[in-house]
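Trainee:
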Amino acid sequence: MEHAIITGIDHPAVAAVEPARLAQWYIAVLGYTEYHRTDRNVWILAAPDGSLLEVMPKDDTARPARTTWTPGWSHLALRVNDLNQAAAILRDHGVVFPDAPVPAIGGGQLLNFVDPEGNMLQIVSRS
């Protein structure tokens, strides 16, 4: 390929029951900052590394049951420098990790958890 058409991922998006409340949780608990907000209650949040996350209002479609292996986009994995330190800080904010750390595919370790609306998240540390 002479040149790449795609240069990276601009942002994933999550449709929320309460976008403002969920956006504020990502800000307060995960350290995002508000990058942009529209009058339609769509939030663009920025992580410390500059990557973006969109939080938008959901429609009337029922949420399907899913696991990590259900077809389609599965979860948002967030990189951390120190898994144990990050987990301790998140626990202080009320985050519950249902399982112990597991090996991350490709190296490192990860912990699974959910945000206040039940969206699957992971924290991942890589050596």
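Quick note: the sequence shown uses this note's numbering, first residue 1447, plus one each step. Cβ atoms here follow ideal geometry from the backbone N, Cα and C, with glycine treated the same way.
Would you decide whether I1455 is buried or exposed? Buried here means 16 or more other CB atoms lie within 10 Å of its CB.
Mentor: Result: exposed.
Trainee: Could you pull out every residue in the same chain whose Cβ sits closer than 7 Å to the Cβ of P1494, ignoring the five residues on either side in sequence?
Mentor: These residues qualify, in order along the chain: G1477.
Trainee: Quick check: what's the CA-CA separation for I1457 versus S1497?
Mentor: The amino acid at residue 1457 is misidentified as Ile; the sequence shows His. Going by the C-alpha atoms only, they are around 7 Å apart.
Trainee: When the distance is taken between beta carbons, is H1539 closer than 9 Å to V1463?
Mentor: No, the Cβ-Cβ distance between V1463 and H1539 is not below 9 Å.
Trainee: Could you work out which residue in R1537, V1501, A1550, M1502 is closest to R1403 when comparing CA atoms only?
Mentor: There is no way to answer for residue 1403, as the model of the chain reaches only from 1447 to 1573.
Trainee: Throw me the rounded Cβ distance for the L1567 and L1522 pair, which I believe falls under 8 Å.
Mentor: Confirmed, Cβ separation roughly 5 Å.
Trainee: Would you identify the three-state DSSP class for A1508, choosing helix, strand or coil?
Mentor: Reduced to three states, the DSSP call for A1508 is coil.
Trainee: Exposed or buried, W1519, counting other C-beta atoms within 10 Å across all chains shown (16 or more means buried)?
Mentor: Result: exposed.
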